[in-house]
Amino acid sequence: MESSSIAFITSEEVDHFRESGFVKLQVAISDEWILRLRDALERIRLSPGSSDAVITAEDGNSYFVNAGNLCFRNESVFAELMGSPMLLSIAEAICGPDFFPIQEFAVIKNRGDQSPVLWHQDVNNGQPGRTIMVGIYLDAADENNGALRVIPGSHKSKESICILEKQPSVVVDMKPGGILVHDLMIAHSSGVLESNPQRRVLYFEFMSSVQAIEENIYTREFVELRTRLIPVAIKFFGNNHAEEEQFQWQHPERARFGISSDLESELKAIYEHNMHVRPANYCFDFHSARA
Ligand SMILES: O=C(O)CCC(=O)C(=O)O
252 MESSSIAFIT
262 SEEVDHFRES
272 GFVKLQVAIS
282 DEWILRLRDA
292 LERIRLSPGS
302 SDAVITAEDG
312 NSYFVNAGNL
322 CFRNESVFAE
332 LMGSPMLLSI
342 AEAICGPDFF
352 PIQEFAVIKN
362 RGDQSPVLWH
372 QDVNNGQPGR
382 TIMVGIYLDA
392 ADENNGALRV
402 IPGSHKSKES
412 ICILEKQPSV
422 VVDMKPGGIL
432 VHDLMIAHSS
442 GVLESNPQRR
452 VLYFEFMSSV
462 QAIEENIYTR
472 EFVELRTRLI
482 PVAIKFFGNN
492 HAEEEQFQWQ
502 HPERARFGIS
512 SDLESELKAI
522 YEHNMHVRPA
532 NYCFDFHSAR
542 A
């Protein structure tokens, strides 16, 4: 990760995000982080759990395509990343100091899995701007290898996803370590891998607590439970990076989120509730489905 003397997200990048609904950041995670994260994901692949997805493709092979609840997988590197000043500063700059983490997961594309991600919005909430998905790329992505396609400005549109998905899109190429932030309302999709063996992306989803509750996207109970993950993750980061600058959490009610030093019990208390996130918004075309 870059030194903390460098702004993790610049005001120009925030402006670009607000206007277009996505922004590719200048900062990147280091090779050391990439290797640790890939190794942890590989161990999860070798013993998948109930929050993961393995599919069987037309070629008859099984492919590991999704891993959920990353901070609760006995792989502390994900909670460390969640608690890093880089990730939390990005969330704060866009969502505001009351941001909370909704979910964190990995999307793994493999050559041969034939699993495109169809056009969708992650959440169809009332207003864009204070809701983000931060994608951290562990592999390169380009037009023929699973790069995200986005429809610039679609996060501000009132059109349905069935209309939006027909609008002109742009492809966002990424390098390993690169970070792409998108608004949860932006229309996006991705294709299959044609030549690269894998494209692994870690996703960390955040939203303003006030927006989540005011727009009835999440209950207060959900928001409070997940907000507890922030001080826990900050401690995970601090335990392994004591010499680095720590994130200074500015949440207006942070005093209510005191945690014990038993971080594993804290994680268990958060994740044992198994709360469901809002489903994404896809176009289901009844006419084609009947034809
Ligand atoms: O990683 C991708 O290609 C897109 C994943 C995505 O949009 C999602 O899981 O909601």
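Residues 252 to 542 (the working numbering) are what the sequence shown spells out, left to right. Where is the CB? At the ideal position from N, CA and C, for every residue including glycine.
Would you give the residue range spanned by the alpha helix (DSSP H) that residue i belongs to?
{"i": "H267", "result": "262-271"}
{"i": "P336", "result": "336-346"}
{"i": "Q285", "result": "Before going on, a small fix: residue 285 reads as Ile here, not Gln. I285 -> alpha helix (DSSP H) spans 282-297."}
{"i": "L369", "result": "Careful: L369 lies outside any alpha helix (DSSP H), inside the beta strand (DSSP E) at 368-372."}
{"i": "T478", "result": "471-478"}
{"i": "A330", "result": "327-333"}
Below 8 Å on the Cβ atoms is my guess for residue i versus residue j; work out the distance and round it to an integer in Å.
{"i": "G428", "j": "I280", "result": "5 Å"}
{"i": "V423", "j": "A398", "result": "6 Å"}
{"i": "R451", "j": "D390", "result": "5 Å"}
{"i": "E517", "j": "R477", "result": "Not really, about 12 Å apart at Cβ, beyond 8 Å."}
{"i": "L435", "j": "D373", "result": "4 Å"}
{"i": "S459", "j": "R381", "result": "4 Å"}
{"i": "S405", "j": "I383", "result": "Their Cβ separation, rounded to whole angstroms, is 15 Å, which puts S405 and I383 out of contact at 8 Å."}
{"i": "N361", "j": "L444", "result": "7 Å"}
{"i": "E515", "j": "N376", "result": "In fact, because the Cβ distance is near 33 Å, the residues do not count as touching under 8 Å."}
{"i": "Y533", "j": "I412", "result": "7 Å"}
{"i": "I306", "j": "D364", "result": "7 Å"}
{"i": "F315", "j": "V385", "result": "Their Cβ separation, rounded to whole angstroms, is 22 Å, which puts F315 and V385 out of contact at 8 Å."}
Locate the beta strand (DSSP E) running through residue i, then write down its first and last residues.
{"i": "S313", "result": "313-318"}
{"i": "N361", "result": "350-361"}
{"i": "I510", "result": "No beta strand (DSSP E) holds I510; DSSP gives it neither H nor E."}
{"i": "V528", "result": "Segment: none, V528 is in no beta strand (DSSP E) and carries neither H nor E."}
{"i": "A493", "result": "Note, A493: premise wrong, no beta strand (DSSP E); not H, not E."}
{"i": "D303", "result": "303-307"}
For this session: With a floor of 4 residues, list each alpha helix (DSSP H) that falls wholly inside the segment 385-468, ordered by position along the chain.
Result: 412-415, 460-465
Exercise. How would the residue list near ligand 1 read, in chain order, if you kept each one whose beta-carbon is closer than 5 Å to any heavy atom?
Worked result: V358, V368, S441, V452
Exercise. Taking contact to mean at least 3 C-beta pairs separated by less than 8 Å, is the segment 316-333 in contact with the segment 353-367?
Worked result: yes
Exercise. Touching or not, the segment 412-422 and the segment 478-486, by the rule of three or more beta carbon pairs under 8 Å?
Worked result: no
Exercise. Per the contact definition of three or more C-beta pairs closer than 8 Å, is the segment 404-417 in contact with the segment 359-371?
Worked result: yes
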